[in-house]
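Heads up: the sequence shown at position 298 corresponds to 297 in numbering that gives the first Met the number 0, and the numbers run straight through without jumps.
Backbone N, C-alpha and C define an ideal beta-carbon position, used for all residues, glycine too.
This one's a predicted model, so the numbers in the text were calculated from it and none came from an experiment.
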Amino acid sequence: MRVCFQIISFLLSVNFYYQPLRAQDPSCCQHAAVASPCKEACDQLATIKSESRLKHLLQRLPSYCPESMNELWVCINSTLPGVSRITDSWVGLGCCELAISAECRRECRQASSKNDITKVCKKVTENSLYSCITKNEMGSTCCSYAGRHTTCREYCQAIFRTDSTPTVSQINAVKDYCQSQSPQLVNCVSNFTKSYPIRSPIDSLYCCDRAEATHCQVACRRILRTMNTEHEIMEGLINECGSQPLPQEPMWQCFLGSSHPPSPPEEETPHPAKMDCAKLHCCSKANTSLCRDMCQEISTNWGSQTWQDFDQLCEYNPVETELINCLADVREPCQLGCKDLTYCTNFNNRPTELFRSCNVQSDQGAMNDIKLWSNGTIKMPFMNIPVLDIRKCLPDMWKAVACSLQIKPCHSKSRGSVICKSDCIDILTKCGDRIRFHEGQTPERICEVLSPIDDPERCIPLHIYLTPSSLGNNVVEEVIHPCNPNPCPSNHLCQVNRKGCLDEVNCQPYLCVPGCKLGEASDFLVQQDTRIQVPTRTGPSGCYEVCTCGPSGRLENCVEMPCVDTNKPCNAGGEKKSHGTAFKVDCHKCFCFGGDAFCSTRECLDGNSDEERQHFTGLPCNCPDRFVPVCASNGRTYPSACVARCMGFQDSQFVFGQCRLSNPCATKPCQRNQRCVPKYRVCLSKSSDCHQYECVDRPAACDKNSVEPACDTDGLVHPNVCQLQQAGKTLAYMGHCQDVCRKPKQVCGHNSETYNTVCDAFSDRVAVDYEGPCHAVGAVSDAPESACSLIQCPPLSTPGCHPVTPPGACCPICASMLQILWNQDQMNTFSKLNKDQPVTVYDILQILRLHVSVPQCDVFGFLSIDSELVVLIAPVDHQPTQLQLQACSKEAEKIDSLINYASPTLVSQVPLSAFLASEITTSSIHSSGAALPSPLPPCLCFILGLLIAAVPGFHQL
Numbered sequence: 000m001r002v003c004f005q006i007i008s009f010l011l012s013v014n015f016y017y018q019p020l021r022a023q024d025p026s027c028c029q030h031a032a033v034a035s036p037c038k039e040a041c042d043q044l045a046t047i048k049s050e051s052r053l054k055h056l057l058q059r060l061p062s063y064c065p066e067s068m069n070e071l072w073v074c075i076n077s078t079l080p081g082v083s084r085i086t087d088s089w090v091g092l093g094c095c096e097l098a099i100s101a102e103c104r105r106e107c108r109q110a111s112s113k114n115d116i117t118k119v120c121k122k123v124t125e126n127s128l129y130s131c132i133t134k135n136e137m138g139s140t141c142c143s144y145a146g147r148h149t150t151c152r153e154y155c156q157a158i159f160r161t162d163s164t165p166t167v168s169q170i171n172a173v174k175d176y177c178q179s180q181s182p183q184l185v186n187c188v189s190n191f192t193k194s195y196p197i198r199s200p201i202d203s204l205y206c207c208d209r210a211e212a213t214h215c216q217v218a219c220r221r222i223l224r225t226m227n228t229e230h231e232i233m234e235g236l237i238n239e240c241g242s243q244p245l246p247q248e249p250m251w252q253c254f255l256g257s258s259h260p261p262s263p264p265e266e267e268t269p270h271p272a273k274m275d276c277a278k279l280h281c282c283s284k285a286n287t288s289l290c291r292d293m294c295q296e297i298s299t300n301w302g303s304q305t306w307q308d309f310d311q312l313c314e315y316n317p318v319e320t321e322l323i324n325c326l327a328d329v330r331e332p333c334q335l336g337c338k339d340l341t342y343c344t345n346f347n348n349r350p351t352e353l354f355r356s357c358n359v360q361s362d363q364g365a366m367n368d369i370k371l372w373s374n375g376t377i378k379m380p381f382m383n384i385p386v387l388d389i390r391k392c393l394p395d396m397w398k399a400v401a402c403s404l405q406i407k408p409c410h411s412k413s414r415g416s417v418i419c420k421s422d423c424i425d426i427l428t429k430c431g432d433r434i435r436f437h438e439g440q441t442p443e444r445i446c447e448v449l450s451p452i453d454d455p456e457r458c459i460p461l462h463i464y465l466t467p468s469s470l471g472n473n474v475v476e477e478v479i480h481p482c483n484p485n486p487c488p489s490n491h492l493c494q495v496n497r498k499g500c501l502d503e504v505n506c507q508p509y510l511c512v513p514g515c516k517l518g519e520a521s522d523f524l525v526q527q528d529t530r531i532q533v534p535t536r537t538g539p540s541g542c543y544e545v546c547t548c549g550p551s552g553r554l555e556n557c558v559e560m561p562c563v564d565t566n567k568p569c570n571a572g573g574e575k576k577s578h579g580t581a582f583k584v585d586c587h588k589c590f591c592f593g594g595d596a597f598c599s600t601r602e603c604l605d606g607n608s609d610e611e612r613q614h615f616t617g618l619p620c621n622c623p624d625r626f627v628p629v630c631a632s633n634g635r636t637y638p639s640a641c642v643a644r645c646m647g648f649q650d651s652q653f654v655f656g657q658c659r660l661s662n663p664c665a666t667k668p669c670q671r672n673q674r675c676v677p678k679y680r681v682c683l684s685k686s687s688d689c690h691q692y693e694c695v696d697r698p699a700a701c702d703k704n705s706v707e708p709a710c711d712t713d714g715l716v717h718p719n720v721c722q723l724q725q726a727g728k729t730l731a732y733m734g735h736c737q738d739v740c741r742k743p744k745q746v747c748g749h750n751s752e753t754y755n756t757v758c759d760a761f762s763d764r765v766a767v768d769y770e771g772p773c774h775a776v777g778a779v780s781d782a783p784e785s786a787c788s789l790i791q792c793p794p795l796s797t798p799g800c801h802p803v804t805p806p807g808a809c810c811p812i813c814a815s816m817l818q819i820l821w822n823q824d825q826m827n828t829f830s831k832l833n834k835d836q837p838v839t840v841y842d843i844l845q846i847l848r849l850h851v852s853v854p855q856c857d858v859f860g861f862l863s864i865d866s867e868l869v870v871l872i873a874p875v876d877h878q879p880t881q882l883q884l885q886a887c888s889k890e891a892e893k894i895d896s897l898i899n900y901a902s903p904t905l906v907s908q909v910p911l912s913a914f915l916a917s918e919i920t921t922s923s924i925h926s927s928g929a930a931l932p933s934p935l936p937p938c939l940c941f942i943l944g945l946l947i948a949a950v951p952g953f954h955q956l
């Protein structure tokens, strides 16, 4: 449920007596009949924590509980946040307890009007009191337009009785119940809600300094930064500070005193978070100006009544599919796996399928939908669909429909969650109540609006969910989902634990890391210290700023980016391509961005003659496929000087030899009081130097709470690199030490670099091509033969696997591969904004790892010799099962889709926002493959995932 930190509203709503505050008081539900759809929906309302789910159910609650149930509705609307429990004889009586002085409180209680208190209660010192009275006076004016309409007046008063931000349900209730009785009242309320200020818990941090006890000050800051709901904050403050919320105490007086806290100094002013920047990312995807404008309204003006109009006009508009899917990504990102459902049981045990909303609330919601539809009508925001008795007419199909619409299977190609058109037509043809159809309604026309897609790869075929999963309960050990359901607090992100633990006893397969919401109205979190690209609030489409997720839990230090002209087309071979369009020119992958066409530099085979094919090497500029490596200034090893020159490097910008075989510290580039540490990296930005070393100060003390295991050359593990260096050791590789890597055994990585051990390669996020030092290069484009024919490739990791061969590599691998086209100019800009720190391939791979949700799969990658970013999502077990390979393929498809649709869940992150387009190649298992190995125990599987399965033959990953 959405939270706006208004301590004053909470205190008013409980009349200064501490009580637990929930979404809605369960006692209200006693007014509904036992075992009725209304009772079940009401009970569910009391437990919901998600703002979007609460909004969804509140909008539909009148369908379960009609307005005639007056006692129920009066109770619900008097217990939801923002509704006072105080009865008032004059408009200021409920405010009297906010007075600071006892004399003013006494005078206020005895007064009959505001004029009676002005002599005793001074506005300078009693600001909270007068603010409360002014608001109540405004409410009295608006609600007086209700006349004799009691229900309308109740809904109106619910908005004004406290100082909290009105909820969406309260605003919609006023509009629904008062529009026909009193348009004046609706306009009056609308003018108020549109201008009402929104607050965040962080806005009141300065109040903590006014607590008398030091321990209370510290606890107060921690509580405001880590807790979201008014209930949590109040409970935490009372428990930690040991005092009741009395306005006479300085800290509580501060919370109650002003709706506008003092502004911090200009250089410390954080980025305003009074919007949903994640949703704002999506608005540019609207195809109609109407939906674009409404999208911006609901993303920047919380409490707006535009939500209902948006649902009716845009949510089911077939031309707005891209916009709706983008918003769905923000609200409920696609995640692998579904389990523990008690009603939609056919959706359980599906670890390699994507779902948006596999949880208990959706399971209950599907059951409630079925009970509601059993009344004979399916109510949509813009139409009602009459149906026959669904308990008798295809009941299993209707259950599959309800569960699909709630659980939301998510197809990676379209990311949509609509049932297939043929299923929709079939079920309405057989079970639609034709007699009650409105004029012109037919199953075909209805489904054209609700389910316009019939491609089984882009819609939900219901037959899949008419029977239980064929996997049963025996797949739990093979593919696990540590972050689904999310075990972390609401202000923390859940990440797969790939670092391992020094204390294996209490080791968890997940980590909870602090994050920032992309706006106060957003549920979308990004990790602390990350750099985020968000649309500007006032600029035109294509204007962004880059912000940092700060320790306060908010976006800070925002810097504007150069605006992109999204209206300028690209010229592609005489054709005009609009901004954001991917297209092909010969064998080149291209993308139009701000009027410029960015294309891959692949070598194309123009002719088809035998002679041309015979001389085609598949390398840039058709260079010979000899391996005479050179190290370029970007830190990348190219197979020859010819290839390096072809990719734009001057002779002065490369030296012969592999980059990792040189000693970057040989020239002693660091100061005397510093230590030079090799730091090999491949840089994607050209605006800064790409040093292959790092000058580090000799630390006096290391952060013992930082756990990033590092293995030294003696085979000893240290909690982090700092402690390793402090011990005078040399880093061998990151991660736990592996017995198999104790003795050097050279391997060749996909980046044409020779590594001493497999562990060394894997810690660099590079997968292994073949054993031994690098001495050959594979084709980038299709070529009949290459020098790789002399390489002895190891057997595939999984029998029957249909592998992929990364560009420039020699050996195939059982993995899924993304080839990503990226924007060099943006990479340079990001580097400049980050104090000229280079953007590296390793940086990008580490961020992409956060988007892979199963520990049985991991991310590897490299910059190809023709400048594409190659990303491999591969199983970490040395003998992966078919299910694990499928899970990795599905993770790759998910990321590929997020890139190609520019989903804010991925491209809001810097530097991933420089991604333009992606091509995917996935591995699969032939049905004739040999028998698969039995699954590993969950603990062993988890450990193997953390240690990256460093065993002989790891080139198979």
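Who are the near neighbours of residue i in its chain, counting only those whose CB is closer than 6 Å to its CB and skipping five residues on each side?
i, result
"C37", "A31, Y63, C64"
"P263", "Caution is warranted here: a pLDDT of 39 is assigned to P263, below 50, making its placement in the model unreliable, and the coordinate value is therefore given only provisionally. Nothing listed; no residue qualifies."
"V695", "R674, V676"
"I812", "P802"
"P951", "Below a pLDDT of 50, predicted positions are generally treated as unreliable, and P951, at 29, falls in that range; no measurement from the model is reported."
"F655", "V629"
"D328", "S902, T904"
"E559", "E544"
"T829", "First, the residue type needs correcting, since residue 829 is Phe and not Thr in the sequence shown. Result list for F829: V838, V909, P910, in chain order."
I need the boundaries of the alpha helix (DSSP H) containing residue i, first residue and last residue.
i, result
"N36", "The sequence shown places Pro at residue 36, rather than the Asn named in the question. From DSSP, the alpha helix (DSSP H) with P36 extends over 36 to 44."
"R224", "213 to 225"
"R644", "640 to 645"
"Y841", "840 to 848"
"T920", "First-last for T920: 914 to 920, but that is the beta strand (DSSP E), not the alpha helix (DSSP H)."
"P903", "903 to 906"
"V154", "Checking the sequence shown, residue 154 turns out to be Tyr, not Val. Looking at the DSSP string, the run of the alpha helix (DSSP H) that includes Y154 is 149 to 159."
What residue does the beta strand (DSSP E) around residue i start on, and which one ends it?
i, result
"L470", "Looking at the DSSP string, L470 is not in any beta strand (DSSP E), and its letter there is neither H nor E."
"Y342", "No beta strand (DSSP E) contains Y342, which DSSP labels as neither H nor E."
Using a Cβ-Cβ cutoff of less than 7 Å, which residues in the same chain neighbour residue i once the five nearest sequence positions on both sides are dropped?
i, result
"L660", "T753"
"P550", "Q527"
"S421", "D453"
"T529", "C548, Q908"
State the CB to CB distance for the pair residue i and residue j, rounded to an integer number of angstroms; the pair is presumed to be in contact (CB under 8 Å).
i, j, result
"C343", "D362", "5 Å"
"P385", "D432", "4 Å"
"I864", "G807", "5 Å"
"I277", "F523", "What sits at residue 277 in the sequence shown is Ala, not Ile. With 8 Å as the limit, A277 and F523 qualify as a contact, their Cβ atoms being about 4 Å apart."
"R390", "S403", "That belief does not hold up - the Cβ atoms of R390 and S403 are roughly 19 Å apart, past 8 Å."
"C458", "I418", "6 Å"
Looking only at its chain, what residues have a beta carbon closer than 8 Å to the beta carbon of residue i, apart from the 5 residues adjacent to it on each side?
i, result
"N286", "V318, E319, E321, L322"
Determine whether the Cβ of residue i lies closer than 9 Å to any Cβ atom of chain B.
i, result
"Q845", "Of the protein chains in the structure, only one exists, and it is not chain B."
Exercise. In the stretch 358 to 399, which residue ranges form an unbroken beta strand (DSSP E) of at least 3 residues, counting only runs that do not cross its ends?
Worked result: 376 to 378, 383 to 385
Exercise. Contact between the stretch 792 to 800 and the stretch 871 to 890: three or more CB pairs below 8 Å?
Worked result: yes
Exercise. Are at least three pairs of beta-carbons, each pair with one atom in the stretch 313 to 327 and one in the stretch 549 to 559, less than 8 Å apart?
Worked result: no
Exercise. Should the stretch 570 to 578 be called in touch with the stretch 589 to 603, which here means at least 3 C-beta pairs below 8 Å?
Worked result: yes
Problem set entry | Meets three-Cβ-pair contact criterion under 8 Å: the stretch 826 to 843 and the stretch 885 to 896 | no
For this session: Count the CB pairs spanning the stretch 632 to 645 and the stretch 683 to 692 that are closer than 8 Å, and state whether there are at least three.
Result: yes
For this session: Write down every uninterrupted run of the beta strand (DSSP E) in the stretch 725 to 784 whose length is 3 residues or greater and which is fully enclosed by it, in chain order.
Result: 730 to 733, 746 to 748, 767 to 770
For this session: Mind listing, in chain order, the continuous beta strand (DSSP E) runs of no fewer than 3 residues lying wholly within the stretch 514 to 551?
Result: 524 to 526, 530 to 534, 543 to 548
Problem set entry | Sufficient close CB pairs (3 or more, under 8 Å) joining the stretch 700 to 719 to the stretch 728 to 742 | yes
Exercise. For the stretch 594 to 650, which segments carrying the alpha helix (DSSP H) assignment without a break, of at least 4 residues, lie completely within its bounds, in sequence order?
Worked result: 609 to 613, 640 to 645
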